[in-house]
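Remarks on the structure that follows.
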Amino acid sequence: MQYNPKRKSHSIRKTPYHITASLKMSTELFKNQDDVIVLEQPLPAGQEPEPSDDMKQEETMIMRINTNIVQTLYEALYQGDTETVSSLLATDLEWWFHGPPRCQHMKRVLTGEYTPKAAAFRFEPRDVTAVGTACVIAEGWEGADAYWVHVWTLKDGIIIQFREYFNTWLTVRDMTTKAKRPVDLGWGSGSTRRGSRTLWQSRPRDLFNRSLPGLLLAV
């Protein structure tokens with residue numbers, strides 16, 4: 215079965231954080247957990263040179279910095295520190311949402327519909343992981359009723375893109391180059407499939423027995 219999510223976009227003109235966001239929403243859920251959709255077209259495959267030790271150290275440092283930035287964002291949101299939030303987000307933040315429309319909790323906070331402390335839902339990440347030098351993924355869950363994944367894209371220390379998935383299993387795969395060997399990032403075997411390698415996948419311990427729609431994000 216093929217599924218094409220409906221998206222609609224509009225601009226948020228003014229917010230407490232001075233964000234002009236392009237909001238692209240997918241308001242329908244998959245009917246089957248096994249359905250998969252690629253949200254981004256991968257770059258053409260090519261031969262990449264092996265990174266030097268200096269490059270690896272620099273990448274590790276950037277990943278650590280990006281992780282700290284995202285963690286700081288959640289702490290600032292929790293404390294209602296709008297000045298810090300504004301300093302971390304681009305003014306033209308690009309935004310994607312997938313899940314039930316009623317679950318757009320982060321949008322309501324960032325657009326000022328809810329204040330952080332009065333929000334009906336508070337995001338408390340269970341895990342924050344850097345994937346490459348431009349992406350940080352956070353996930354959290356509350357019992358068996360709510361599971362969320364946030365994919366943050368950063369450039370020069372500023373968050374420029376945000377993807378939010380609510381009650382959706384997410385798998386992130388590197389589709390640009392063929393994986394030479396399995397990569398263990400701490401939550402799986404780093405299995406390969408069709409020349410790609412898994413960079414990240416949902417792992418909420420409390421929800422493994424629950425049937426949720428699945429998405430594949432290709433980077």
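So the mapping is simple: our numbering equals the position in the sequence shown, first residue as 1, plus 214. For each residue, glycine too, the CB sits at the ideal point set by N, CA and C. Note that this is a predicted model, so its numbers are computed, not measured.
Check: Whole beta strand (DSSP E) elements within the segment 257 to 332, 3-residue minimum; Outcome: 303 to 312
Check: ILE372 beta carbon less than 8 Å from that of TRP366; Outcome: no
Check: Option nearest ASP388 by Cα separation, candidates LYS369, ASP370, GLY346, MET320; Outcome: GLY346
Check: GLN415 classed as buried or exposed, judged by whether at least 16 other C-beta atoms fall within 10 angstroms; Outcome: buried
Check: Nearest candidate by alpha-carbon position, reference THR296, set GLU308, ILE279, ASN282, TYR328; Outcome: TYR328
Check: ILE351 versus LEU291, MET269, ASN282, SER266, residue with shortest Cα-Cα distance; Outcome: ASN282
Check: Collapsed DSSP secondary structure at ASP359 in the structure displayed; Outcome: coil
Check: Expected contact under 8 Å - CB spacing of PHE376 and PRO314 to nearest Å; Outcome: Not a contact, Cβ separation roughly 18 Å.
Check: Per-residue DSSP class, three states only, for ASP341; Outcome: strand
Check: Close Cβ partners of LEU291 (< 8 Å) along its chain, the five nearest in sequence each way excluded; Outcome: VAL299, VAL323, PRO330, PHE337
Check: Span of the beta strand (DSSP E), counted from its first residue to its last, around PHE335; Outcome: Where PHE335 is concerned, there is no enclosing beta strand (DSSP E), given that its DSSP letter is neither H nor E.
Check: 8 Å contact criterion, which VAL210 and VAL386 should meet: CB distance rounded; Outcome: Missing from the structure shown is residue 210; the chain here goes from 215 to 433 and no further.
Check: Reference LEU359; option with closest CA among GLU289, LYS369, PHE335; Outcome: Residue identity check: residue 359 is Asp in the sequence provided, not Leu. When each option's Cα is compared against that of ASP359, the closest is PHE335.
Check: Run of the beta strand (DSSP E) containing THR385, from where it starts to where it stops; Outcome: 383 to 388
Check: ALA352 - DSSP class collapsed to helix/strand/coil; Outcome: strand
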